[in-house]
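Engineer: Just passing along the structure, written as structure tokens.
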Amino acid sequence: MSELNDFEIRYNGVEQAQIMMMARLLLEVARMKGAEGADFIDRFRNAVVTELNDAEDGGGGPRDQQIAAVSQSVVVNVSKMAKDRYVRLKNEGLL
990 MSELNDFEIR YNGVEQAQIM MMARLLLEVA RMKGAEGADF IDRFRNAVVT ELNDAEDGGG
1050 GPRDQQIAAV SQSVVVNVSK MAKDRYVRLK NEGLL
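Rendered as structure tokens:
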């Protein structure tokens, strides 16, 4: 039995689902790109990280650095998940 409360269970479940869906969508787009799929994932990751670095908070000021670090980490790691799976599928001849 989990020691998390109902809110924590739901919040973490939603976060996990969103991360897995983003990775899956990125993989599907990469598959549509064919041989350029891995490069597409890298370009996508770099573009999103650049946008995050250029983002401001709602008041036009700099974003909180801890939030920015988590955002960037999610983008980098979701991209890595998608690219690793893409490369594995390609190596297995499934693309």
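Mapped onto the working numbering, the consecutive letters of the sequence shown carry residue numbers 990 to 1084. We put the beta carbon where it would ideally sit given N, CA and C, even for glycine.
(1) Can you list, in chain order, the residues of its chain whose CB lies under 7 Å from that of Glu1045, leaving out five sequence neighbours each side?
(2) Report back the beta-carbon spacing between Val1064 and Leu1041 to the nearest angstrom; my notes put them in contact at under 8 Å.
(3) Any idea which residues DSSP pairs Glu938 with across the strands?
(4) Would you tell me roughly how many angstroms separate the C-alpha atoms of Met1021 and Ala1006, rounded to the nearest one?
(5) Please state if the CB of Ala1036 and the CB of Lys1072 are separated by a distance shorter than 8 Å.
Structural biologist: Reading it off the structure:
(1) Pro1051 and Arg1052
(2) 7 Å
(3) Because the chain here runs from 990 to 1084, residue 938 falls outside it and cannot be looked at.
(4) 23 Å
(5) no
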